[in-house]
Amino acid sequence: MTKIQTTRDLRLEMMAVARGERKPPAGANLKSYNSVTALVRLLTDENRDLLAMIRDRRPESISELGKLSGRSSGNLTRSLSKLETAGFVEFVQSGRTKKPVAVAKSVTLSIDPYSIHHDRVEVA
11 MTKIQTTRDL RLEMMAVARG ERKPPAGANL KSYNSVTALV RLLTDENRDL
61 LAMIRDRRPE SISELGKLSG RSSGNLTRSL SKLETAGFVE FVQSGRTKKP
111 VAVAKSVTLS IDPYSIHHDR VEVA
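Residues in the sequence shown are numbered consecutively from 11, following the numbering used here.
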């Protein structure tokens, strides 16, 4: 599960926990996005194709993935870094190379059309 909350709300929550005014909320250890829009921007068609390529072709290195995808090294590295931060990709060290591994099986998005404070994302 992933939380969607504003940076301000996250800061206030963390300060209240640090002061002992409240217990850490369920899911405090989860990745957090400040908006559904930020997550949706990450899951572009190109990045979803990249995730499918990692899952299906199982490249042995980022270099091999670059050849398979036809994406430039800089573009590929930036995309993979963002996907790793979001929990969609992990890297397995193999000698001097890093092997990208797709770890997310699905993404479930629950949007409250009336409030941004109740949106939830589950990455499984």
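Positions of the beta carbon are idealized from the N, C-alpha and C atoms, including for glycine.
Since the model is a prediction, treat every value here as computed from it, not as a measurement.
Rounding to the nearest angstrom, what Cα-Cα distance links residue i and residue j in this structure?
i    : j    : result
T95  : N57  : 14 Å
K115 : Y124 : 29 Å
I121 : V133 : 15 Å
E100 : E74  : 16 Å
R88  : F98  : 14 Å
P35  : G84  : 38 Å
T17  : D59  : 30 Å
M63  : L119 : 23 Å
G105 : P69  : 15 Å
M11  : V117 : Caution is warranted here: a pLDDT of 48 is assigned to M11, below 50, making its placement in the model unreliable, and no coordinate value can be reported.
V135 : R65  : The displayed coordinates of the chain run from 11 to 134. Any statement about residue 135 would go beyond what the structure contains.
E31  : I126 : 24 Å
A48  : M24  : 21 Å
L90  : A28  : 33 Å
From the DSSP output, in three-state form, read off residue i for me.
i    : result
K77  : helix
V133 : strand
M11  : Per-residue confidence for M11 stands at a pLDDT of 48, beneath the threshold of 50, marking its modelled position as unreliable; the derived number appears in the next sentence. Coil, per DSSP.
With 16 other CB atoms within 10 Å as the buried threshold, where does residue i fall?
i   : result
L78 : exposed
P61 : Reading the sequence as shown, one finds Leu at residue 61 and not Pro. With 16 or more other Cβ atoms within 10 Å, it is buried.
Comparing the CB of residue i with every heavy atom of the ligand NAD, is any distance shorter than 7 Å?
i    : result
D122 : By its list of ligands, the structure shown contains no ligand whatsoever, and the ligand NAD lies outside what it can speak to.
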